[in-house]
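Chemist: Residue numbers (the numbering used here), protein chains in the order written: chain F, 255 to 488; chain R, 132 to 343.
Built from N, CA and C at the ideal position, the CB exists for glycine as well.
Since the model is a prediction, treat every value here as computed from it, not as a measurement.
Below: one structure in C-alpha cells.
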Amino acid sequence: MSEVQRAGLQALYPFLADDGTPAGSPAERHEVLAALTESVARKATEIVDLRREMVESCGDQLAACAQAIATAAGRGGRLFTFGNGGSSCDAQQVATIFLHPARGWPVPAISLTNDIALVTALSNDVGFDLVFARQLAALAKAGDVAFGLSASGGSANVVRAFGEARRLGMLTVGLAGYDGGAMATAGLVDFLFVVPSSSIHRIQEVQTTLYHLLWELTQRQLVASESEVGGCTS
Amino acid sequence: MRYVTVQQSARTVAADLLARRDAAGTSLVADAAAVAEAGYAMAQRFHSGGKLLVFGNGSASTDAAHLAVEFMHPVIVGKPALPAIALNNDIATVTGVAGRRGFADVYADQLRTLACPSDIALAISADGTCPNVYAGVIAARERGLLTVLLTGNSGADGRLADHLLVAHDTDPAVVKEVHVTIYHLLWELVHLLLAEPAVLLLAKQDTAAVPA
Numbered sequence: 255m256s257e258v259q260r261a262g263l264q265a266l267y268p269f270l271a272d273d274g275t276p277a278g279s280p281a282e283r284h285e286v287l288a289a290l291t292e293s294v295a296r297k298a299t300e301i302v303d304l305r306r307e308m309v310e311s312c313g314d315q316l317a318a319c320a321q322a323i324a325t326a327a328g329r330g331g332r333l334f335t336f337g338n339g340g341s342s343c344d345a346q347q348v349a350t351i352f353l354h355p356a357r358g359w360p361v362p363a364i365s366l367t368n369d370i371a372l373v374t375a376l377s378n379d380v381g382f383d384l385v386f387a388r389q390l391a392a393l394a395k396a397g398d399v400a401f402g403l404s405a406s407g408g409s410a411n412v413v414r415a416f417g418e419a420r421r422l423g424m425l426t427v428g429l430a431g432y433d434g435g436a437m438a439t440a441g442l443v444d445f446l447f448v449v450p451s452s453s454i455h456r457i458q459e460v461q462t463t464l465y466h467l468l469w470e471l472t473q474r475q476l477v478a479s480e481s482e483v484g485g486c487t488s
Numbered sequence: 132m133r134y135v136t137v138q139q140s141a142r143t144v145a146a147d148l149l150a151r152r153d154a155a156g157t158s159l160v161a162d163a164a165a166v167a168e169a170g171y172a173m174a175q176r177f178h179s180g181g182k183l184l185v186f187g188n189g190s191a192s193t194d195a196a197h198l199a200v201e202f203m204h205p206v207i208v209g210k211p212a213l214p215a216i217a218l219n220n221d222i223a224t225v226t227g228v229a230g231r232r233g234f235a236d237v238y239a240d241q242l243r244t245l246a247c248p249s250d251i252a253l254a255i256s257a258d259g260t261c262p263n264v265y266a267g268v269i270a271a272r273e274r275g276l277l278t279v280l281l282t283g284n285s286g287a288d289g290r291l292a293d294h295l296l297v298a299h300d301t302d303p304a305v306v307k308e309v310h311v312t313i314y315h316l317l318w319e320l321v322h323l324l325l326a327e328p329a330v331l332l333l334a335k336q337d338t339a340a341v342p343a
C-alpha cells in the first residue's frame with residue numbers, strides 16, 4: 255500500500271487514529287458508515303459536475319455528429335459498434351438502443367463484441383488487434399458508421415478498426431478518456447469525444463451520457479428529416 | 132442557414148437533457164447512505180467467500196456484464212479479482228430456459244443451481260417491471276443470498292430486496308446513467324473495505340433492515 259493510499263484510508267476511517275471510541279461498538283460502525291457515505295456523496299457530486307462540463311464543452315460537436323449519423327442512417331447506413339471490457343458493454347448498449355429503441359425509429363446496428371465464436375476465432379487465428387477491423391472488412395461498406403469506445407483511448411484493436419473504417423469510407427465516431435491517447439493522435443476519427451478525467455469510472459459514466467445524447471439527438475434529426483431508415487441495402 | 136438552426140435547436144435539446152441528468156445525479160448524492168450500506172454488506176459477503184451473481188434485461192444486461200467484468204478484472208492494478216458472473220451472458224442457457232420454462236424463469240433457474248447462500252444477487256431493472264428479474268431476486272432471497280436491486284423511479288416494492296437503490300428518473304437512459312455511477316461506487320466501496328477487513332467485523336452481517 256502506498257503512502258497516499260494509507261493517508262486516504264486514515265482520512266476515511268478516523269477511528270484508526272484511536273479517538274477513544276470502543277473497538278467494535280455500534281458507534282464505531284456508525285462512524286465508518288458515515289465516512290463511507292461522505293465519500294459516496296463526494297463522488298456522486300463529482301460526476302454531476304464532470305458530466306455538465308463535458309456536455310457544455312462539446313454541445314456543437316454532439317449536434318453535428320448526430321446530424322452526420324442521421325444522414326448516414328437516412329441513406330441506408332448501419333452502425334457498427336466496438337470496444338473492450340466495460341466498453342464492450344457500452345458498444346452493446348449503443349447497438350441495442352439504435353436497433354431496438356424504447357421509443358422512436360429503429361436504426362440498423364450491430365455490436366462487434368457479441369459473437370463470441372467470431373471474437374475468439376479471430377483472436378486465436380489472426381490476433382486480438384484485428385478482432386474488430388476484420389469484422390468491419392467483411393460486414394461494412396462506405397456510408398456505414400464505425401462507433402468505437404475506449405476509456406483510455408489507447409486500445410490497439412479499436413484504433414485498427416478506425417483505420418479499416420477510413421479505408422472503407424465509413425463515418426467514424428469515437429469516445430475516449432484521459433487525453434484521447436492513440437485515438438486522438440492517429441487522426442482516424444471524424445467525431446472524437448474525449449472525457450477529460452483520469453478516473454476510468456468517471457470517464458465511462460460520462461461516455462454513457464454522451465452516447466445517450468447522441469442517440470437522442472440522432473432520433474430528433476431522423477424525425478425532422480422524415481428519413482426512411484432500415485431495410486437491406488447490400 | 133438550416134444547419135445553423137438545427138445546431139442551435141440541438142444545443143437547446145442537449146441543455147434540457149443535461150438539466151434532467153443534473154437532477155437525477157443530485158438525488159443520488161442524497162441517497163449516499165443507502166449506497167454505503169449496500170457496499171458495506173456486499174464487502175462482508177465477498178470477505179466471507181461469497182460471489183456476485185448479477186442480472187438484467189436489455190440495456191441492463193450490458194450493465195450486468197459490465198459489473199461482472201469490473202469485479203473479475205479490476206481496472207486498478209493491485210486490486211484483487213473477485214468472483215462475479217453475469218447470468219444474462221450465457222445465451223445458450225438463457226434461450227434454453229426461456230424455451231422450456233418461459234422467459235420469467237431465466238434468472239431464477241440459474242440461481243437455483245449456481246448460487247450459494249453466502250453469495251450476493253444484484254438485479255437491475257430500470258423500469259421496475261421485469262418479471263424474470265423479480266423472480267430472480269425472490270429465488271435468491273429464498274436461498275439466503277444478500278439481495279441488491281437497482282431500479283428507477285417507478286415505485287418498486289422496497290421489501291423485495293435487502294437493499295433497494297433507486298435512480299430518481301423515469302427515462303431509461305437517465306436511469307441507466309445513474310445506475311452506472313451506483314455500481315461503480317459499490318465496486319469502489321467493496322475494494323476500499325476489503326483492503327481494511329477489520330472494519331467489516333464491526334457488526335453482524337447484513338444488518339440493513341428490510342422495511343416491515
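Measuring straight from C-alpha to C-alpha, what distance separates residue 379(F) and residue 371(F)?
Modeler: Along the first sequence, read from residue 1 onward, the residue named residue 379(F) stands at position 125. Along the first sequence, read from residue 1 onward, the residue named residue 371(F) stands at position 117. Computed Cα separation, rounded: 12 Å.
Chemist: How about residue 171(R): is its C-beta nearer than 8 Å to some C-beta of chain F?
Modeler: Stepping through the second sequence from its first residue, residue 171(R) is reached at position 40. True, the Cβ-Cβ gap to chain F drops below 8 Å.
Chemist: Have a look at the DSSP bridge pairing and note the partners of residue 251(R).
Modeler: Along the second sequence, one-based indexing puts residue 251(R) at 120. DSSP, once it has assigned bridges, lists 183(R), 277(R) as partnering residue 251(R).
Chemist: With DSSP collapsed to three states, give me the class of residue 298(F).
Modeler: Here residue 298(F) refers to the residue found at position 44 of the first sequence. Helix.
Chemist: Going by DSSP, what residues sit across from residue 216(R) in a beta bridge?
Modeler: The sequence position of residue 216(R) within the second sequence is 85, counting from 1. 184(R), per the DSSP bridge assignment.
Chemist: Does any CB atom of chain R fall closer than 8 Å to the CB of residue 383(F)?
Modeler: Numbered from its first residue, the first sequence carries residue 383(F) at position 129. It does not: the Cβ of residue 383(F) has no partner Cβ on chain R nearer than 8 Å.
Chemist: Going by the CB atoms, is the gap between residue 141(R) and residue 298(R) shorter than 8 Å?
Modeler: Along the second sequence, one-based indexing puts residue 298(R) at 167. Along the second sequence, one-based indexing puts residue 141(R) at 10. The answer is no: Cβ separation not under 8 Å.
Chemist: Name the chain F residues whose beta carbon is nearer than 9 Å to that of residue 141(R)?
Modeler: Your numbering for residue 141(R) matches position 10 in the second sequence. Those within 9 Å of residue 141(R) in chain F are 313, 314, 316, 317, 318, 320, 321, 471, 474, 475.
Chemist: Report buried or exposed for residue 133(R), applying the criterion of at least 16 other Cβ atoms within 10 angstroms of its Cβ.
Modeler: Here residue 133(R) refers to the residue found at position 2 of the second sequence. With a pLDDT of only 47 at residue 133(R), under the threshold of 50, the placement of this residue in the model should not be trusted; the figure read from the coordinates follows. Label assigned to residue 133(R): exposed.
Chemist: Rounded to the nearest angstrom, what separates residue 232(F) and residue 265(R) at their Cα positions?
Modeler: The first residue shown for chain F is 255 and the last is 488, placing residue 232(F) beyond what the model contains.
Chemist: By DSSP, does residue 340(R) sit in helix, in strand, or in coil?
Modeler: To locate residue 340(R), count along the second sequence from 1; it is residue 209. Because the pLDDT of residue 340(R) is 40, which lies under 50, any placement of that residue in the model is unreliable, and the question is left without a value.
Chemist: Considering only residues of the region 366-448 of chain F, which uninterrupted beta strand (DSSP E) runs meet the minimum length of 3 residues and lie entirely inside it, listed in chain order?
Modeler: Complete beta strand (DSSP E) runs here, min 3: 399-403, 425-431.
Chemist: If you pair each beta-carbon of the region 398-412 of chain F with each one of the region 425-440 of chain F, do three or more pairs fall below 8 Å?
Modeler: Counting Cβ pairs under 8 Å, three or more are found: they touch.
Chemist: Report the rounded CA-to-CA distance for residue 147(R) versus residue 246(R), giving the unit in angstroms.
Modeler: Residue 147(R) sits at position 16 when you count from the first residue of the second sequence. Residue 246(R) sits at position 115 when you count from the first residue of the second sequence. Answer to the nearest angstrom: the Cα atoms are 43 Å apart.
Chemist: If we count Cβ pairs, one from each stretch, closer than 8 Å, do we get three or more for the region 314-334 of chain R versus the region 178-196 of chain R?
Modeler: As far as the Cβ criterion goes, the region 314-334 of chain R touches the region 178-196 of chain R, which means the pair count is three or higher.
Chemist: Between residue 342(F) and the rest of its own chain, which residues show a CB-CB distance below 7 Å, the 5 nearest in sequence each way excluded?
Modeler: For this step, residue 342(F) is matched to residue 88 along the first sequence. Result list for residue 342(F): 367, in chain order.
Chemist: Give the residues of chain R in contact with residue 305(F), contact being defined as C-beta atoms less than 9 Å apart.
Modeler: Translated into positions along the first sequence, residue 305(F) becomes position 51. Near residue 305(F) (Cβ distances below 9 Å), the residues of chain R are 149, 152, 153, 156, 308.
Chemist: Please list the partners that residue 311(R) has in chain F, where partner means a Cβ-to-Cβ separation under 7 Å.
Modeler: For the purposes of this step, residue 311(R) is taken as residue 180 along the second sequence, with counting starting at 1. Within 7 Å Cβ-Cβ: 458, 459, 462.
Chemist: Hey, does residue 364(F) have any beta-carbon neighbour from chain R nearer than 8 Å?
Modeler: On the first sequence, residue 364(F) is found 110 positions in, with the first residue counted as 1. No - not a single Cβ of chain R is within 8 Å of the one on residue 364(F).
Chemist: Got a sec: is the Cβ-Cβ distance from residue 135(R) to anything in chain F below 8 Å?
Modeler: The residue labelled residue 135(R) in the question sits at position 4 within the second sequence. In this predicted model, residue 135(R) has a pLDDT of only 48, less than 50, meaning its place in the structure is not dependable enough to derive any value.
Chemist: Within the same chain, show all residues whose beta-carbon is closer than 7 Å to that of residue 479(F), passing over the 5 residues directly before and after it, in chain order.
Modeler: Counting from one through the first sequence, the residue named residue 479(F) turns up at place 225. The residues are 324, 328.
Chemist: Just to check my reading of the structure: residue 159(R) and residue 312(R) have Cβ atoms closer than 8 Å, yes? What is that Cβ distance to the nearest angstrom?
Modeler: The count along the second sequence starts at 1 and reaches residue 159(R) at position 28. The count along the second sequence starts at 1 and reaches residue 312(R) at position 181. Their Cβ separation, rounded to whole angstroms, is 6 Å, which keeps residue 159(R) and residue 312(R) in contact under 8 Å.
Chemist: Would residue 283(F) count as contacting chain R if we go by Cβ distances under 8 Å?
Modeler: What you label residue 283(F) is simply residue 29 of the first sequence in a count that begins at 1. With 8 Å as the cut-off, residue 283(F) counts as an interface residue toward chain R.
Chemist: Can a CB atom of chain F be found closer than 8 Å to the CB of residue 276(R)?
Modeler: Walking along the second sequence from the start, residue 276(R) turns up at place 145. So, not an interface residue.
Chemist: Give a yes or no on whether 8 Å exceeds the smallest Cβ distance from residue 391(F) to chain R.
Modeler: Locating residue 391(F) in the first sequence gives position 137, counting from the first residue. Chain R, which has no Cβ nearer than 8 Å to the Cβ of residue 391(F), makes this no.
Chemist: Where does the unbroken beta strand (DSSP E) through residue 330(R) begin, and where does it stop?
Modeler: Counting from one through the second sequence, the residue named residue 330(R) turns up at place 199. Element bounds for residue 330(R): n/a, residue is neither H nor E.
Chemist: From residue 231(R) to residue 243(R), what does the alpha carbon distance come to, in whole angstroms?
Modeler: Position 100 of the second sequence, counted from the first residue, corresponds to residue 231(R). Position 112 of the second sequence, counted from the first residue, corresponds to residue 243(R). Taking the straight line from one Cα to the other gives about 16 Å.
Chemist: Is residue 315(R) close to chain F? Criterion is C-beta to C-beta, closer than 8 Å.
Modeler: Here residue 315(R) corresponds to residue number 184 of the second sequence, with the count starting at 1. Closer than 8 Å: yes.
Chemist: DSSP state of residue 294(R), grouped into three classes?
Modeler: Mapped onto the second sequence, residue 294(R) falls at position 163. If DSSP states are grouped into helix, strand and coil, residue 294(R) belongs with the strands.
Chemist: Can you look up residue 158(R) in the DSSP assignment and give me helix, strand or coil?
Modeler: Here residue 158(R) refers to the residue found at position 27 when the second sequence is read from its first residue. Residue 158(R): helix per DSSP, three-state reduction.
Chemist: Taking residue 356(R) as the reference, give the member of 278(R), 308(R), 188(R) with the closest Cα.
Modeler: For residue 356(R) there is no data in the structure shown, the boundaries of chain R being 132 and 343.
Chemist: Step through the CB atoms of chain F and report whether any lies within less than 8 Å of the CB of residue 190(R).
Modeler: Taking the second sequence and counting its residues from 1, the one referred to as residue 190(R) is at position 59. So, interface residue.
Chemist: Can you list, in chain order, the residues of the region 210-227 of chain R whose Cβ is nearer than 7 Å to any Cβ on chain F?
Modeler: Against chain F - using a Cβ distance shorter than 7 Å - the region 210-227 of chain R contributes no residues.
Chemist: What are the start and end residues of the alpha helix (DSSP H) that includes residue 352(F)?
Modeler: For this step, residue 352(F) is matched to residue 98 along the first sequence. Note, residue 352(F): alpha helix (DSSP H), 340-353.
Chemist: Please tell me whether residue 362(F) and residue 354(F) are closer than 8 Å, where the distance is taken between their beta carbons.
Modeler: Taking the first sequence and counting its residues from 1, the one referred to as residue 362(F) is at position 108. Taking the first sequence and counting its residues from 1, the one referred to as residue 354(F) is at position 100. Not closer than 8 Å, so no.
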